[in-house]
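As structure tokens, the structure follows; a few thoughts come after it.
Protein chains: 2
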Amino acid sequence: MCQSQNAHPQPAAPAPHACGCSTHGSRPEVGRRVPEAHDMDYPEVPFPTARVLATAGAASLRKLVFRHHERLRQSEIGHLFAMDDTQFAKLVGHIADYVVETCGGPQKFTEERGAGCMRTRHFPFTIDERGREVWMENLFHAMEETGFPLELREEYWTWLEAMSIRMINRRTTKAQPVRIDWADANARYRETVAA
Amino acid sequence: MCQSQNAHPQPAAPAPHACGCSTHGSRPEVGRRVPEAHDMDYPEVPFPTARVLATAGAASLRKLVFRHHERLRQSEIGHLFAMDDTQFAKLVGHIADYVVETCGGPQKFTEERGAGCMRTRHFPFTIDERGREVWMENLFHAMEETGFPLELREEYWTWLEAMSIRMINRRTTKAQPVRIDWADANARYRETVAA
Numbered sequence: 001m002c003q004s005q006n007a008h009p010q011p012a013a014p015a016p017h018a019c020g021c022s023t024h025g026s027r028p029e030v031g032r033r034v035p036e037a038h039d040m041d042y043p044e045v046p047f048p049t050a051r052v053l054a055t056a057g058a059a060s061l062r063k064l065v066f067r068h069h070e071r072l073r074q075s076e077i078g079h080l081f082a083m084d085d086t087q088f089a090k091l092v093g094h095i096a097d098y099v100v101e102t103c104g105g106p107q108k109f110t111e112e113r114g115a116g117c118m119r120t121r122h123f124p125f126t127i128d129e130r131g132r133e134v135w136m137e138n139l140f141h142a143m144e145e146t147g148f149p150l151e152l153r154e155e156y157w158t159w160l161e162a163m164s165i166r167m168i169n170r171r172t173t174k175a176q177p178v179r180i181d182w183a184d185a186n187a188r189y190r191e192t193v194a195a
Numbered sequence: 001m002c003q004s005q006n007a008h009p010q011p012a013a014p015a016p017h018a019c020g021c022s023t024h025g026s027r028p029e030v031g032r033r034v035p036e037a038h039d040m041d042y043p044e045v046p047f048p049t050a051r052v053l054a055t056a057g058a059a060s061l062r063k064l065v066f067r068h069h070e071r072l073r074q075s076e077i078g079h080l081f082a083m084d085d086t087q088f089a090k091l092v093g094h095i096a097d098y099v100v101e102t103c104g105g106p107q108k109f110t111e112e113r114g115a116g117c118m119r120t121r122h123f124p125f126t127i128d129e130r131g132r133e134v135w136m137e138n139l140f141h142a143m144e145e146t147g148f149p150l151e152l153r154e155e156y157w158t159w160l161e162a163m164s165i166r167m168i169n170r171r172t173t174k175a176q177p178v179r180i181d182w183a184d185a186n187a188r189y190r191e192t193v194a195a
């Protein structure tokens, strides 16, 4: 484990940290070759099926996107949405267009904004692992607060839980981003929903 | 290709961009499953062999590290080293300790600072693909300027060209970080070396 082995740390001792490296604590061999590897794993992304739009309707999806982003703007990642109200409403409208189109609705986003390319569109904004978790938590609460159809919540969540990992562009740890399946989300977030 | 196909861009047209996505330009299927993938590939890292320290000696390695970092401090990534001269000298001394130890010298870095864990140590500092290229270019010039032994330059470069990819923690593109082998480095940088 990547923890300091020093039971009596001196003032000058390095801070313990969890690094995940394979050679931590032993002297690496001179001339070693560290094998190929890769950064974050991206899980499969299951996009929403046609039943989401058929059941919820476009208005419910739009309401969800707007509530989600109203919450985000007040959250610790609110700086990513630091813009005037008109710009903010326009941005969120585009996101709602993307969601509705992705669920099988009109191609308004593509016609007005071009191909989705969500990872590329997010590169200008610094998104770390914690930022993604904040985004997900606020999605959970927005589903509650807007009364998003109960029978669709797991499917909708599962799409964005996976897809949001691909929006992370600032790593702060070697650990893989945390997975939060629907059961985990309920266990984590339900008790903190406003009554 | 992820370029706009619009030959007569309108003011409201989305900016063309290169995203590398597989579905760009066609309407994605509702309910599709985008397969697993991963972020950056990390190539094998060939650490320096014992001949580097045996041939160059610790003083030459330290001189190289100091010159490299003097250059970096004046470069477009100089903000990463924005500290007073005493702190800067101390930092660069630690880096030189790491290099000498990695090449088979005394375990001064490990004793004073703990295990290498270079990726983890760099997380607090935002390093993007461009920052890595600046770092590499300045290493090339520092080898020239300090007269680092000619017969060691390719080996030393090849280690750090591969290892530096693992220091990138802010992605700004879906493209893999550029590989710059020793021949490429000479072609790119030699003409810009001060006479």
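So the protein sequences, as listed, match chains L and S. The first sequence: position 2 = 2 (this note's numbering), numbered continuously. The second sequence: position 65 = 65 (this note's numbering), numbered continuously. Every residue gets a Cβ at the ideal spot worked out from N, C-alpha and C, and that includes glycine.
Apart from the 5 residues on each side of it in sequence, Thr172 of chain L sits with its Cβ closer than 8 Å to the Cβ of Asp128, Glu129, Arg130 in its chain, given in chain order. Proximity of Arg62 of chain S to chain L, defined by a Cβ-Cβ separation below 8 Å, is not satisfied.
In its chain, beyond the 5 residues on either side, Leu91 have a beta carbon closer than 8 Å to the beta carbon of Met83 of chain L.
In this structure, S:Arg119 is the residue among S:Arg119, S:Leu150, S:Arg190 with its C-alpha nearest to the C-alpha of Met167 of chain S.
Gln107 of chain L belongs to the set of residues whose beta carbon lies under 8 Å from a beta carbon in chain S.
Under DSSP, Asp181 of chain S shares a beta bridge with no residue. Any Cβ of chain L closer than 8 Å to the Cβ of Gly31 of chain S would place that residue at the interface, and such an atom is present.
Note on geometry: alpha-carbon atoms of Pro46 of chain S and Val52 of chain S lie some 13 Å from one another. DSSP, reduced to helix, strand and coil, places Val30 of chain L outside both helices and strands of the structure shown, so it counts as coil.
Note that the C-beta distance between Arg71 of chain S and His141 of chain S is below 8 Å. Contact with chain S is found for Ala50 of chain L, since one of that chain's Cβ atoms lies less than 8 Å from the residue's Cβ. Scanning L:His69, L:Ser75, L:Val99, L:Glu76 for the CA closest to the CA of Phe88 of chain L turns up L:His69.
Buried is the label assigned to Arg62 of chain L, since at least 16 other Cβ atoms lie within 10 Å of its Cβ. Residue ranges of uninterrupted alpha helix (DSSP H) with 4 or more members, entirely inside the segment 93-120 of chain L and ordered along the chain, are 108-113. A residue is called buried when at least 16 other Cβ atoms come within 10 angstroms of its Cβ; Thr55 of chain S does not meet this threshold and is exposed.
Cα atoms of Thr126 of chain S and Asn138 of chain S: separation of roughly 18 Å, rounded to the nearest angstrom. For Ser60 of chain L and Thr146 of chain L, the gap between their C-alpha atoms comes out near 8 Å. Taken through DSSP and simplified to helix, strand or coil, Asp85 of chain L comes out as helix.
Assignment of beta-bridge partners to His38 of chain S by DSSP yields L:Asp41. Per the DSSP secondary-structure output, Arg170 of chain S pairs in a beta bridge with L:Arg170, S:Asp128. By the neighbour-count criterion, in which 16 or more other beta carbons inside 10 Å mark a residue as buried, Arg27 of chain S falls on the exposed side. Taking each of L:Ser164, L:Phe148, L:Ala187, L:Phe123 in turn and checking the Cα distance to Arg67 of chain L, the smallest one comes out for L:Phe148. Taking a C-beta distance under 8 Å as the contact criterion, Gln176 of chain L and Asp85 of chain L do not qualify as a contact pair. Rounded to the nearest angstrom, the gap between the Cα atoms of Pro43 of chain L and His38 of chain S is 8 Å.
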